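Worksheet: one structure, shown below.
Residue numbers (my numbering): 5 to 91.
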């Protein structure tokens, strides 16, 4: 984790730390699908988000991406961006 991101996260309220954990989990999912062709990986991450992430948390993830997406890996960013477009 980059130093500046670490500084932001350790001083953040508990809700932000929950978002950090969610992003870490989604990044893990994204890493799993990195070996797949990009389009398939994005679709799989989107399916995971739809199946396992509550709508309220999805909105938080979309908002986080729209504010720069700090800590969000590429495949996850693409999946979240597509979810935002579909909403």
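Don't be surprised by glycine CBs; every beta carbon is placed ideally from N, CA and C. Small disclaimer: the values here were computed from a predicted structure and weren't measured.
Legend entry - From 70, 41 and 26, residue whose alpha carbon lies closest to that of residue 86: Your numbering for residue 86 matches position 82 in the chain shown. Of 70, 41 and 26, the residue nearest in Cα terms is 70.
Legend entry - Spatially closest choice to residue 78 from 22, 60, 37 and 25, by CA coordinates: The count along the chain shown starts at 1 and reaches residue 78 at position 74. Residue 78 has its Cα closest to that of 37, out of 22, 60, 37 and 25.
Legend entry - Buried or exposed (CB count within 10 angstroms, at least 16 for buried), residue 43: Translated into positions along the chain shown, residue 43 becomes position 39. Exposed: under 16 other Cβ atoms inside 10 Å.
Legend entry - Between the CA atoms of residue 26 and residue 84 - distance to the nearest angstrom: Within the chain shown, numbered from 1, the residue matching residue 84 stands at position 80. Within the chain shown, numbered from 1, the residue matching residue 26 stands at position 22. Between residue 84 and residue 26, the C-alpha separation is close to 13 Å.
Legend entry - Exposure of residue 45, with buried meaning 16 or more beta-carbon neighbours within 10 Å: The residue you call residue 45 lines up with position 41 of the chain shown. Flag for residue 45 reads buried.
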